[in-house]
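In full-length UniProt numbering, the protein residues as written are 1 to 102.
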């Protein structure tokens with residue numbers, strides 16, 4: 001699985017212009033089962049503005065998905081990808097626990 005950090009490369013006003021396209025792209029990725037969660041980073045002074053957590057997949061597949069992100073296509077963010085292997089989850093994430101076991 002991966003944590004994708006999205007770092008703005010332009011003002012938030014410019015990012016906001018692309019936000020509806022990015023939101024529709026996120027919807028398609030959730031529908032395809034590629035993404036587990038996403039959202040805005042709320043830590044004051046964080047250098048990462050948004051993040052996405054993906055399901056486990058081949059890195060090349062993730063790169064192909066990220067290449068279609070309207071934020072990336074319009075050059076308003078830079079993606080930073082962290083390869084993350086979860087070794088534990090909360091019982092509330094039973095379905096995800098089963099995915100890790102397979």
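The beta carbon of each residue, even a glycine, is placed where N, CA and C say it ideally should be. Bear in mind the structure is a predicted one, so any value in this text is a computation, not a measurement.
DSSP, reduced to helix, strand and coil, places residue 77 within a strand of the structure shown. Contact between the stretch 70 to 82 and the stretch 34 to 41 is absent: fewer than three C-beta pairs spanning the two stretches fall below 8 Å.
When C-alpha distances from residue 10 are compared across 49, 42, 26, the shortest belongs to 49. A direct Cα-to-Cα measurement between residue 23 and residue 61 gives close to 20 Å. Taking each of 14, 59, 67, 92 in turn and checking the Cα distance to residue 26, the smallest one comes out for 67.
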